[in-house]
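Under the numbering used here, the first residue of the sequence shown carries the number 165, and numbering increases by one thereafter.
We put the beta carbon where it would ideally sit given N, CA and C, even for glycine.
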Amino acid sequence: MTANVRFEDVKVGDEIPALEKAVKREQIKAYADASGDQNPLHQDDSFARSVGFPGIIGHGMFSMAHLTTAVTNWLGDPAALKQIEVQFRAVVFMDETLVARGRVESLDPGTRQATLNVWAEVDRAGDTQMVIKNSRAVVQLA
């Protein structure tokens with residue numbers, strides 16, 4: 165399979181479609197079960213409150229997976245994602261909406277690859293909080 169996005173159709177500054185996901189308890193539990201990460205921060209509201217959070221938090225890798233999905237949805241081929249590097253900057257709380265975004269930062273005509281600035285954010289009472297930032301993805305374009 166190859167990417168559906170053609171190199172000739174992409175410009176520096178283009179944004180990929182934003183991808184939103186409401187983070188629910190069931191998703192956090194399913195991710196904990198699939199990953200084996202049963203840390204009580206992701207399972208037990210009382211424990212999470214005892215360490216200063218309002219309740220359970222989503223896994224950082226759950227946020228990264230959502231960001232990766234936004235990139236591969238845009239590409240149309242998961243294999244076209246060649247590299248992703250992220251910096252986790254904040255936690256995601258249950259019942260928040262996680263929004264993944266990206267913007268083309270550079271294009272390499274020799275390899276037909278693009279480097280994207282990628283990030284994930286949540287809205288907390290009208291204030292955008294960056295969950296993942298200063299991150300990049302390298303993708304192979306058709």
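May I ask which residues mark the beginning and end of the beta strand (DSSP E) holding residue i?
{"i": "ALA186", "result": "183–186"}
Tell me residue i's beta-bridge partners as DSSP assigns them.
{"i": "ALA301", "result": "ILE248, LEU280"}
{"i": "GLY221", "result": "Note that residue 221 is Ile in the sequence shown, not Gly. Its beta-bridge partners are PHE257."}
{"i": "GLU179", "result": "ARG267"}
Terminal residues of the continuous alpha helix (DSSP H) containing residue i?
{"i": "ASN168", "result": "Looking at the DSSP string, ASN168 is not in any alpha helix (DSSP H), and its letter there is neither H nor E."}
{"i": "ALA212", "result": "209–214"}
{"i": "LYS172", "result": "Note that residue 172 corresponds to Glu in the displayed sequence, not to Lys. Note, GLU172: premise wrong, no alpha helix (DSSP H); not H, not E."}
{"i": "ASP201", "result": "Note, ASP201: premise wrong, no alpha helix (DSSP H); not H, not E."}
Is it buried or exposed for residue i, if we count other Cβ within 10 angstroms and need 16 for buried?
{"i": "ALA167", "result": "buried"}
{"i": "ALA186", "result": "exposed"}
{"i": "ALA264", "result": "buried"}
{"i": "SER299", "result": "buried"}
{"i": "ALA194", "result": "exposed"}
{"i": "SER270", "result": "exposed"}
{"i": "SER214", "result": "exposed"}
{"i": "ALA179", "result": "Going by the sequence as given, residue 179 is Glu instead of Ala. So GLU179 counts as exposed."}
{"i": "GLY216", "result": "exposed"}
{"i": "VAL176", "result": "exposed"}
{"i": "GLY266", "result": "buried"}
{"i": "ALA234", "result": "buried"}
With a Cβ-Cβ cutoff of 7 angstroms, do residue i and residue j count as a contact?
{"i": "ILE220", "j": "ALA229", "result": "no"}
{"i": "ALA301", "j": "LEU280", "result": "yes"}
{"i": "ALA196", "j": "HIS206", "result": "yes"}
{"i": "VAL295", "j": "ALA243", "result": "no"}
{"i": "LEU231", "j": "ALA182", "result": "no"}
{"i": "GLU249", "j": "VAL286", "result": "no"}
{"i": "HIS223", "j": "ASP208", "result": "no"}
{"i": "VAL268", "j": "VAL174", "result": "yes"}
{"i": "GLN277", "j": "GLN247", "result": "no"}
{"i": "VAL256", "j": "SER210", "result": "no"}
At 4 residues or longer, and completely inside the region 263–296: list those alpha helix (DSSP H) runs for me, N to C. You should have found no qualifying run.
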